[in-house]
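In our numbering, the protein residues as written are 137 to 497.
Ideal placement from N, C-alpha and C gives every residue a C-beta, glycine not left out.
Keep in mind the model is a prediction, meaning the values are calculated, not measured.
Shown next, in the form of structure tokens:
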């Protein structure tokens, strides 16, 4: 319930920021620019002018429709951008992973997500979309490193994100980061053109001088909102990171009845996954992954690596115990903590859940 309230609050902030952005665009291009251009012409002709800049060029209903449309585009475009690193389509092939996802979805009473298996050595798994149209991306590197029970536990973790509906929110954040990334590159190109106009062609210089006032007005009144987007996305992931991951871990343990398998999988992934790069492109998927990893790229494949038979629980307990004994208290800076709680905390909680289940058995 608390997680749902937090998701609702963060969604409210996203809607508000999106609304302000759309209204700023409408005002800049529908009121400010036409008003200044028309006002300048009138002033030159008559020597006086009255401008009404405190208004919107459309009705409130139209503005609401435009905001709603922009939100819909955010959800769809964010979904497509995250999957853009992989190639091909998510075919409904009846392989072992698809069958496992189908069984877990039926057990959780949610629509069956599509499954995309990507030929990538990075051990990663993430989910994008929404409750009724989700896609789980699994890499061959993940299948190579986990046994059958651990792989099922990781897939159950992703199913839990779909059931909790937080995957929709995290998908939307990817477009916030994409817009900020594009704004950054556009600003850099504009600064380069202004600083070195001689490098431009004759047509480029003419276009620059003609559109310079429009570009300047856009960046003065609209660009500041674009820089808010990554801050809002970062705030959203920080606000939900601990609760959403802990909730998905606990749900996966309940769905599979095997918290130790997920704990063991997290240990393996933490040991084999390097520290992700700290750029916007990587950040688009880092918050979606079961542990923070670099961007997954590769072609879809129907040729799965052989799934290893389950490991004995005693060996899993030994692996988890060794990891926890070697774990050090987190310092003031914890790599990846902006999108995920520390792996040590997650493994410790799952280990305690496994001990409780053994005590009741």
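Legend entry - Residue closest to residue 171, alpha-carbon to alpha-carbon, out of 160, 188, 162 and 156: With distances taken between CA atoms, residue 171 lies nearest to 188 out of 160, 188, 162 and 156.
Legend entry - Simplified DSSP state of residue 265, which is helix, strand or coil: Residue 265 sits in a strand when the DSSP states are folded into three classes.
Inset, instruction - Ignore the nearest five residues each way along the sequence and tell me which others in residue 207's own chain have a CB closer than 7 Å to its CB. - result: Within the same chain, Cβ atoms closer than 7 Å to the Cβ of residue 207 are found at 151 and 154, the five residues on either side in sequence being excluded.
Legend entry - Contact set for residue 246: own chain, Cβ-Cβ below 8 Å, skip 5 residues either direction: Counting only Cβ-Cβ distances below 8 Å, and skipping sequence neighbours, we find 267, 295, 298 and 299.
Legend entry - DSSP state of residue 252 mapped onto helix, strand, coil: Judged by DSSP in its simplified three-state form, residue 252 adopts strand.
Inset, instruction - Just the C-alpha distance for residue 250 and residue 258, rounded to the nearest angstrom, thanks. - result: Spanning the alpha carbons of residue 250 and residue 258 requires a straight line of approximately 20 Å.
Inset, instruction - Please work out which residues of its chain come closer than 6 Å, Cβ to Cβ, to residue 372, disregarding the five sequence neighbours upstream and downstream, and give them in chain order. - result: Contacts found: 146 and 309.
Legend entry - Between the CA atoms of residue 173 and residue 184 - distance to the nearest angstrom: Rounded to the nearest angstrom, the gap between the Cα atoms of residue 184 and residue 173 is 14 Å.
Legend entry - Environment of residue 196 [buried if 16+ CB atoms lie within 10 Å]: Flag for residue 196 reads exposed.
Inset, instruction - Note down the Cα distance separating residue 165 from residue 194, rounded to an integer number of angstroms. - result: Taking the Cα positions, residue 165 is about 12 Å away from residue 194.
Legend entry - Cα-Cα separation, residue 366 to residue 360: Taking the straight line from one Cα to the other gives about 11 Å.
Legend entry - Sequence-distant residues of the same chain with beta carbon closer than 6 Å to residue 180, five excluded per side: Cβ neighbours of residue 180 beyond the five flanking positions: none.
Legend entry - Chain-order list of residues whose beta-carbon lies under 7 Å from that of residue 403 (same chain, five-residue window excluded): Result list for residue 403: 455, 456, 459 and 483, in chain order.
Legend entry - Identified DSSP bridge partners for residue 271: For residue 271, the beta-bridge partners assigned by DSSP are 250 and 264.
Legend entry - Length-filtered (4 minimum) alpha helix (DSSP H) runs lying within the segment 168-208: Within the segment 168-208, the complete alpha helix (DSSP H) runs of at least 4 residues fall at 169-182.
Inset, instruction - Could you tell me whether the Cβ atoms of residue 293 and residue 388 are closer together than 8 Å? - result: Using a Cβ distance threshold of 8 Å, residue 293 and residue 388 count as a contacting pair.
Inset, instruction - Can you grab the Cα-Cα spacing for the pair residue 260 / residue 253, in whole Å? - result: When only Cα atoms are considered, residue 260 and residue 253 end up about 11 Å apart.
Legend entry - residue 452, buried or exposed, once every other Cβ within 10 Å from all chains shown has been counted against 16: Burial call: buried.
Inset, instruction - Leaving out five residues on either side along the sequence, give the residues of the same chain with a beta carbon under 7 Å from the beta carbon of residue 463. - result: Excluding sequence positions up to five before and after residue 463, its CB lies within less than 7 Å of the CB of 480, all in the same chain and listed in chain order.
Legend entry - With 16 other Cβ atoms within 10 Å as the buried cut-off, status of residue 491: Residue 491 sits exposed, since fewer than 16 C-beta atoms from the chains shown fall within 10 Å of its C-beta.
Legend entry - Candidates 201, 234, 368 and 213: closest to residue 279 by CA position: It is 234 whose Cα lies nearest to the Cα of residue 279.
Legend entry - residue 265 at chain D interface by Cβ criterion, 8 Å: The structure shown contains no chain D; it holds only a single protein chain.
Inset, instruction - Take residue 470 and list the residues in its own chain whose beta-carbon comes closer than 8 Å to its own, dropping the five residues that flank it on each side. - result: For residue 470, the predicted structure reports a pLDDT of 48, less than 50, and the residue's modelled location is therefore unreliable. The matter cannot be settled from this model.
Inset, instruction - Return the CA-CA distance between residue 400 and residue 363, expressed in angstroms with no decimal places. - result: Cα to Cα, the separation comes out at about 40 Å.
Legend entry - Same chain, Cβ closer than 8 Å to residue 379, five either side skipped, listed in chain order: So the qualifying residues of the chain are 138, 139 and 142.
Inset, instruction - Measure the C-alpha to C-alpha separation of residue 370 and residue 177 and round it to an integer number of angstroms. - result: If I take the Cα positions, the gap works out to 44 Å.
Legend entry - Whole-angstrom distance between residue 236 and residue 446, CA atom to CA atom: Residue 236 has its alpha-carbon roughly 14 Å from the corresponding atom of residue 446.
Legend entry - Length of the line joining the Cα atoms of residue 486 and residue 265: Distance from the CA atom of residue 486 to the CA atom of residue 265, rounded to whole angstroms, is 27 Å.
Legend entry - Through-space distance from residue 449 to residue 304, alpha-carbon basis: Rounded to the nearest angstrom, the two C-alpha atoms are 34 Å apart.
Inset, instruction - Note down the Cα distance separating residue 284 from residue 157, rounded to an integer number of angstroms. - result: Cα to Cα, the separation comes out at about 47 Å.
Inset, instruction - Can you have a look at residue 281 and say buried or exposed, based on whether 16 or more other CB atoms are within 10 angstroms of its CB? - result: Buried: at least 16 other Cβ atoms inside 10 Å.
Legend entry - Distance between residue 277 and residue 192 (C-alpha atoms, nearest Å): When only Cα atoms are considered, residue 192 and residue 277 end up about 52 Å apart.
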